[in-house]
Structures are given as C-alpha cells and as structure tokens.
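*Asks:* Taking the numbering used here, the leading residue of the sequence shown gets 330, the next gets one more, and so forth. Cβ coordinates follow ideal geometry from the N, Cα and C atoms, glycine included.
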Amino acid sequence: MAGNFWRSSHFEQWILEKEEEYQKLMIFFMNFIQTMGQCLEKEVSQSINEGRDRPILRMQAIASACVYFRRFYSKRSLKDIDPFLLAVTCINLASKVEEMGHLSPNKLISAYTRTTKKWPVIESLIAHNHQINSHQIKGSEAEFCLVEMLDCSLIVYHPYRSLHQFRNDMKSCSIQNVDQLCQDAWRVCNDGMRSDAALLYHPHMIAIGK
C-alpha cells in the first residue's frame, strides 16, 4: 500500500456524505416523475382538448407530485414503500388535486413503461411485468398511506403564480425583455423542482430567487 491517504482519491473523492447520496437519489426520482409526467402529457393529449392554460396545469401537477414525493420521504424511510410505486402514486394523486383529469390505469402503465425505458439500467433491474402489475394492485393502498402521511394537506403552492404576478408588475413598470426574463425564470423553476427548495422556502421567495 503506497502513498498518503490524505492526498489520495480515496479521501478526496470516495468518502461520501450520506446526505449527498440521498439528495442524488431524490434528484433521480424527481427526474423520473418529470419524465413520466411528460409521457402522460402525450398520452392524454389525444383525449383532452388543448387549452390555453393546460400546460400550466400540467406543470403544476408534476410539481405537486414532486413535492408529495419529497414530503413523504422526509418523514419515512425509502424501505417503507417502493419509491417507483410512490412516484406513480404521487403523479396520480397530484393529477386529481390539480384537476388535470382522470388518469386511467392503462395510461399510467403505458407512461410508466415508456419512462423506465429511458433508463436502460433501471429497466433491466425491474422485473417489468411483475412490477407493473404489483403497482397496479398496490396503488390504492400506497395512495392511502401517502394521503395519511401528508395529513390530507394536498394543496401545494408553487412559484408559477408569483412569477406571473411579477411579470405583470414589471410590465407595468415598462421594464424591457420581461417575457424573455420570465421564460428563463420559468425554466429555472422547473429545474428547481429537482431540489428540496419547495420544502425549505416560501413559493414567492423561490420565484424572486429564480
């Protein structure tokens, strides 16, 4: 064994913080929920008339699902409920709360299947048919556990409304490039769903920070 431990890659790169690894796992599942939400958007677009405010409602539903997921695992262990099952459950529950529309089991299964294919490693690890069927059977049970843990507090306030208000205020002050600025801030807010900001800060503070 050669060299100095304190100058080695072992010390500098591979002594990991548990919190850091947990956050990486949370970021993965935020990406998973967002991707599945996008797949569901394609699934339901054929049966729902496109409306002006629909993309906003869709993004709010995905954002709510991300918050539900983080809130649940801030209180419970990852061992309590399969996080893939909970991700699907959070999306389904958020779509009801945000009045996005009813998501049939077939749409959820189709979106789940398409989402897992975007991560070949995950797809290969999941016993796919068994996993989907198991999720379909246990979905109502998982939703009950989720609602119970959230203490039926299902209304989530997001920074999107504050961004819209800020845009109107800036336009009234004749500030230039307001629309482009708000579009950039909107994208940053979407990316911010991957973080735990929604658990730590008020939505208007997040909007201002973006």
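1. With DSSP as the reference, label Arg405 as helix, strand or coil.
2. For Ile410 and Ser469, I'd like the C-alpha separation in whole angstroms.
3. From which residue to which residue does the alpha helix (DSSP H) around Leu415 run?
4. Would you list, in sequence order, the uninterrupted alpha helix (DSSP H) runs of no fewer than 4 residues that lie entirely inside the stretch 473 to 519?
5. State the Cα-Cα distance for the pair Ser482 and Met388, rounded to the nearest angstrom.
6. Are Ile356 and Cys419 close, meaning C-beta to C-beta below 9 Å?
7. Any contact of the stretch 492 to 504 with the stretch 401 to 410, i.e. 3+ C-beta pairs under 8 Å?
8. Could you give the C-beta distance for Ala390 and Ser424, rounded to a whole number, given that I count them as a contact under 8 Å?
9. Of the choices Cys502, Asp508 and Gly366, whose alpha-carbon is the least far from that of Thr445?
10. Identify the continuous alpha helix (DSSP H) that holds Ser439 and give its terminal residues.
11. Given this structure, state the Cα-to-Cα distance separating Gly521 from Thr364, to the nearest angstrom.
12. Do you know how far the Cα of Glu350 is from the Cα of Asn333?
*Replies:* In short:
1. coil
2. 13 Å
3. Pro412 to Val426
4. 488 to 501
5. 19 Å
6. no
7. no
8. 5 Å
9. Gly366
10. Pro434 to Thr445
11. 15 Å
12. 26 Å
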